[in-house]
Amino acid sequence: MTEIRTFLKCNADEEELDQQFFKLHEELFSEYDCRRCRNCCRMYQGSIPPKDLEKDAEHLGMTAQEFMDQFLIYDVVEDSYQTKHRPCDFLNENNECLLGDCRPESCKKYPYTDQTERMQSLLNMLDIIEICPVAFEIYERLKDLYGFKRYR
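Under the working numbering, the first residue of the sequence shown carries the number 236, and numbering increases by one thereafter.
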């Protein structure tokens, strides 16, 4: 997979690549229900910024302290709270997030394929395409757009 990263770095215009990512993101996610997959919720722990503790706890009908005690551990390095388990503690049996619209921005933005500066994050995207089928499809379509042929 690193070949496509190198190929894009050498052959893609940064602004055009961002536009292509955004267009493909919009097209593919408009037809995809993430509840069918939720690999991201299964493979990552959730991350809650301290500023969101009260709001998220209230959403679940808990105090902030109850919320932290039940679901979270503090990550000093990131200055955020991580869920205690993987899959994410907020993933329910219907593949929905218990936090709903209160879920963290990092979750709302995942897999980041509609964000700018994709050229600088192509290496991170290689990890994401192993988890998210839509991100994988975006890469497959970019390969076609750029005429990428894997070395054999």
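Just so you know, even glycine gets a beta-carbon here, dropped at the ideal spot from N, CA and C.
The C-beta distance from Pro-284 to Pro-346 rounds to 19 Å, too long to fall under 8 Å, and the pair is not in contact. By the Cβ criterion, the stretch 360 to 379 is not in contact with the stretch 312 to 325, since fewer than three pairs of Cβ atoms, one from each stretch, lie closer than 8 Å.
Note that the C-beta distance between Arg-353 and Leu-259 is not below 7 Å. If you look at Leu-307, you'll find it in the beta strand (DSSP E) that goes 307 to 310. Cys-272 and Asn-330 have their C-alpha atoms some 8 Å from each other. Taking Glu-375 as reference, the option from Leu-295, Asp-248, Leu-263 and Glu-250 with the minimal CA-CA separation is Leu-263. Counted as a single uninterrupted DSSP element, the beta strand (DSSP E) harbouring Thr-318 occupies residues 315 to 318. Bridge partners of Cys-332 according to DSSP: Leu-326.
Here DSSP, grouped into helix, strand and coil, assigns Ile-283 to strand.
Between the alpha carbons of Cys-275 and Ile-366 lies a distance of about 6 Å.
In this structure Leu-361 touches Arg-240 by the C-beta definition: roughly 6 Å separates them, less than 8 Å.
Taking the Cβ atoms as the reference, Phe-306 lies roughly 5 Å from Asp-324, within the contact range of under 8 Å.
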